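One structure below.
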Amino acid sequence: MSAETSIEPVPVRITVNGVARRAEVEPRMLLVDFIRDVVGLTGTHVGCDSTNCGACTVHLDGRSVKSCTMFALQADGREVRTVEDLADGEELGPLQRSFHERHALQCGYCTPGMLMSATYLLERNPNPARDEIKRALSGNLCRCTGYRFIVEAVEDAAARLQTGEGSR
Ligand code: FES
Ligand code: FES
Numbered sequence: 398m399s400a401e402t403s404i405e406p407v408p409v410r411i412t413v414n415g416v417a418r419r420a421e422v423e424p425r426m427l428l429v430d431f432i433r434d435v436v437g438l439t440g441t442h443v444g445c446d447s448t449n450c451g452a453c454t455v456h457l458d459g460r461s462v463k464s465c466t467m468f469a470l471q472a473d474g475r476e477v478r479t480v481e482d483l484a485d486g487e488e489l490g491p492l493q494r495s496f497h498e499r500h501a502l503q504c505g506y507c508t509p510g511m512l513m514s515a516t517y518l519l520e521r522n523p524n525p526a527r528d529e530i531k532r533a534l535s536g537n538l539c540r541c542t543g544y545r546f547i548v549e550a551v552e553d554a555a556a557r558l559q560t561g562e563g564s565r
């Protein structure tokens, strides 16, 4: 005889990119699934589901987190920022432009997480040394580019920001 456990949905209110989102979610729903499946923002990727790859990186109350390792419930009442917030409509933000121009992506699967980790770094350290960039991106894996162009893109973005070219 199989015993079925019913899991009651619980209400959450999570602000995503400045917009309050309310939903009833199962307590086991991951934050990344809330972002992708409930809110419909699919820029945040799932690569490993086990905190290793960083593809799911978002900001939670201004701190960089891996959204595959948190329940949506843990973000109740809090603010999430995703990669979609880096652009201004159709216009790419400075870090996105640097990734594009410096060929810092191939398949692009890791790119949203790289962008969010690098954004977190540049918000705290506008002029990072190369080693600091590498350390900041150490939780983000890329199987395509070998990292060199990614690191150069972050350096390029830091230079853009120093000259006041964009702020996102
Ligand atoms: S999907 Fe979250 S770290 Fe890989
Ligand atoms: S560009 Fe393909 S995994 Fe990074």
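Per the numbering used here, the sequence shown starts with residue 398, numbered consecutively.
Even for Gly, the Cβ is constructed at its ideal location relative to N, Cα and C.
All values derive from a computational prediction rather than experimental measurement.
Notebook entry, point to check: Using a Cβ-Cβ cut-off of 6 Å (strictly less than) and excluding sequence neighbours within five positions of H456, which residues of its own chain qualify?
Noted result: Indexing the sequence shown from 1 puts residue 456 at position 59. Excluding residues within five positions, the ones whose Cβ falls inside 6 Å are R478.
Check: Would you say L502 touches ligand 2, meaning its beta carbon is less than 6 Å from a heavy atom?
Finding: Numbered from its first residue, the sequence shown carries residue 502 at position 105. Indeed, a heavy atom of ligand 2 lies less than 6 Å from the Cβ.
Margin query: Is Y544 near ligand 2 - that is, is its Cβ less than 6 Å away from at least one heavy atom of it?
Written below: Taking the sequence shown and counting its residues from 1, the one referred to as residue 544 is at position 147. Incorrect: Y544 has no Cβ contact closer than 6 Å to ligand 2.
Notebook entry, point to check: Mind checking N537: buried by the 16 CB within 10 Å criterion, or exposed?
Noted result: The residue you call residue 537 lines up with position 140 of the sequence shown. It is buried - the Cβ of N537 has at least 16 other Cβ atoms within 10 Å.
Check: Residues with a Cβ closer than 6 Å to any heavy atom of ligand 1, in chain order?
Finding: Here the list is V443, G444, C445, D446, T448, N449, C450, G451, A452, C453, K463, C465.
Item checked: Whole alpha helix (DSSP H) elements within the stretch 435–499, 4-residue minimum -> 491–498
Check: Y506: beta carbon under 6 Å from a heavy atom of ligand 2?
Finding: What you label residue 506 is simply residue 109 of the sequence shown in a count that begins at 1. At least one heavy atom of ligand 2 is nearer than 6 Å to the Cβ of Y506, so yes.
Next item on the list: May I have the straight-line CA-CA distance separating L428 from T441, to the nearest angstrom?
Entry: Numbered from 1 along the sequence shown, position 31 holds the residue referred to as residue 428. Numbered from 1 along the sequence shown, position 44 holds the residue referred to as residue 441. A direct Cα-Cα distance of roughly 10 Å separates L428 from T441.
Next item on the list: Would you please verify whether the beta carbon of T542 is less than 7 Å from any beta carbon of chain D?
Entry: This model lacks chain D altogether, as it is built from one protein chain only.
Item checked: Local conformation of S399 per DSSP, three classes -> Mapped onto the sequence shown, residue 399 falls at position 2. Residue placement at S399 is poorly supported in this model, since its pLDDT is 49, which falls under 50; the coordinates still yield a value, given next. Note: S399 maps to coil in three-state DSSP.
Checklist line | C-alpha distance - R532 paired with S403, whole-angstrom precision | finding: Sequence index remark: in the sequence shown, residue 532 carries index 135 (1-based). Sequence index remark: in the sequence shown, residue 403 carries index 6 (1-based). Between R532 and S403, the C-alpha separation is close to 43 Å.
Check: Just the Cα atoms here: how many angstroms apart are F546 and V407?
Finding: Within the sequence shown, numbered from 1, the residue matching residue 546 stands at position 149. Within the sequence shown, numbered from 1, the residue matching residue 407 stands at position 10. One C-alpha to the other measures close to 43 Å.
Check: Considering only the beta carbon of each residue, do G474 and L483 sit closer than 7 Å?
Finding: For the purposes of this step, residue 474 is taken as residue 77 along the sequence shown, with counting starting at 1. For the purposes of this step, residue 483 is taken as residue 86 along the sequence shown, with counting starting at 1. Going by C-beta atoms, G474 is not nearer than 7 Å to L483.
Note to self: If you follow the alpha helix (DSSP H) that V425 is in, where does it begin and where does it stop?
What the structure shows: On the sequence shown, position 28 is the one that residue 425 refers to. Going by the sequence as given, residue 425 is Arg instead of Val. Note, R425: premise wrong, no alpha helix (DSSP H); not H, not E.
Margin query: For the alpha helix (DSSP H) containing R433, name the first residue and the last one.
Written below: As a position in the sequence shown, residue 433 is number 36, starting the count at 1. First-last for R433: undefined, no H or E at that position.
Next item on the list: Helix, strand or coil for E562, going by three-state DSSP, please let me know.
Entry: Residue mapping note: residue 562 aligns to position 165 of the sequence shown, counting from 1. Coil.
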